[in-house]
Amino acid sequence: MACRLGKIVRSFRKPSGQIPKAAPDKAQAKGIDVSDHQRDINWPQVAASGVSFALIKATESVSIKDAYFQPNVLGANEVGILCGAYHLLHISHPAKPQVTNFVDAVQAVLSKGPVGKSGLLHLPFTLDLEGVPTAQGAAYRSLALEWLTSVHRAFGTVPMVYANLNTWETELTSGFGNYPVWLAEYAARPAPDAPQWEFWQHSTNERVFGIAPEVDLDVYCGSVQQLKAQYGVQSRNL
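Residue numbering for the sequence shown is 1125 to 1362, as defined by this note's numbering.
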């Protein structure tokens, strides 16, 4: 989803007068998304490589909590990297216990940080939609919307949705237009008819200084300064 200088455009219409959807460039804030797959991360080295934000896995399904969620959030904050948390949805379980799993993990991390607008988690809480079963599309959409509504109610902020281009075009065409988009699309640039994105996962299986395994790369639709302004972040390191 593209930004309009401090304002998010909540629409799938082609933007005008905005930062265009294009291949990542030097003006866009650079980021990564990580989970326990990346194991121990050297966050000072990651920051030195130019990473400004990290979208970090917190939970999955009804009981899986990522063992590296808390150390990742704390480590990234120590070096001024903006953080967000995401949950991987499972269609085999109802929304309520999946929401509880995520909220509990997030609250446990937030309790370790300062009280304030930004705290330790600055970016939108995100629902990760992967492998959406077409035959169960209606049930999956209902489950996802219940999770999004419940997390919005729990924290008072609008969550974001992560999905690839095919999922957006075939399964998320109705009911999701008011949620920020984290788009997974590995072309040189998203297709002209792709949803307007706020975050774009543009590459996978890449190398970043400070992380031994391969990692996904992302960009924000504006500069670091615009990212900070969008989420009201105040930090001595940024």
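Even for Gly, the Cβ is constructed at its ideal location relative to N, Cα and C. Since we're looking at a predicted model, the values are computed, not measured.
Query	Result
Could I get the ranges of all uninterrupted beta strand (DSSP E) runs contained in the region 1164-1250, with 3 residues as the minimum, in chain order?	1177-1184, 1206-1212
For residue 1222, does the count of other Cβ atoms within 10 angstroms reach 16, so buried, or fall short, so exposed?	buried
Check whether the region 1268-1282 touches the region 1334-1350, counting contact only when three or more Cβ pairs, one atom from each stretch, lie closer than 8 Å.	no
Can you round the beta-carbon distance between residue 1155 and residue 1170 to whole angstroms, since I take them to be within the 8 Å contact cut?	Not really, about 10 Å apart at Cβ, beyond 8 Å.
Can you say whether residue 1241 is buried or exposed, counting buried as having 16 or more other CB atoms within 10 angstroms of its CB?	Here residue 1241 scores only 48 on pLDDT, less than 50, and its place in the model is too uncertain to base an answer on.
What are the start and end residues of the alpha helix (DSSP H) that includes residue 1355?	1348-1355
Any idea which residues DSSP pairs residue 1336 with across the strands?	DSSP output for residue 1336 lists no bridge partner at all.
Could you tell me the alpha carbon to alpha carbon distance between residue 1130 and residue 1305, rounded to whole angstroms?	Bear in mind that a pLDDT of 38 at residue 1130, under 50, signals an unreliable position, so the number given afterwards is only what the model happens to contain. Answer to the nearest angstrom: the Cα atoms are 16 Å apart.
If I measure Cβ to Cβ from residue 1189 and keep anything under 6 Å in the same chain, skipping five residues before and after, which residues do I get?	1183, 1229
Using 8 Å as the threshold, is the region 1307-1323 in touch with the region 1277-1293, meaning 3 or more CB pairs across them?	yes
Whether or not the region 1278-1288 and the region 1248-1256 are in contact is what I'm after, with contact meaning three or more pairs of Cβ atoms, one per stretch, closer than 8 Å; do they touch?	yes
For residue 1209, does the count of other Cβ atoms within 10 angstroms reach 16, so buried, or fall short, so exposed?	buried
Below 6 Å CB to CB, which residues in the same chain sit around residue 1203 once its five sequence neighbours on both sides are set aside?	1167, 1168, 1171
Given residue 1252, which residues of its chain have a CB within under 6 Å of its CB, disregarding the five upstream and five downstream residues?	1210, 1212, 1286
Drop a sphere of 10 angstroms on the beta-carbon of residue 1333, count the other beta-carbons inside from all chains shown, and report buried for 16 or more, exposed for fewer.	exposed
With DSSP as the reference, please indicate the residues paired to residue 1288 in a beta bridge.	1308
Leaving out five residues before and five after residue 1256 in sequence, what residues of the same chain have Cβ atoms less than 6 Å from its Cβ?	1264, 1291, 1295
Residue 1321: which of 1338, 1303, 1224, 1312 sits nearest, CA to CA?	1303
Apart from the five residues on each side of it in sequence, which residues of its chain come closer than 6 Å, Cβ to Cβ, to residue 1325?	1308, 1340, 1342
Nearest-angstrom Cα distance between residue 1145 and residue 1353?	Note that residue 1145 has pLDDT 41, beneath the 50 cutoff, so the model's placement of it is unreliable and no number is given.
Any idea if residue 1312 is buried or exposed, counting beta-carbon neighbours within 10 angstroms, 16 or more meaning buried?	exposed
Which partner residues of residue 1327 appear in the DSSP bridge assignment?	1341
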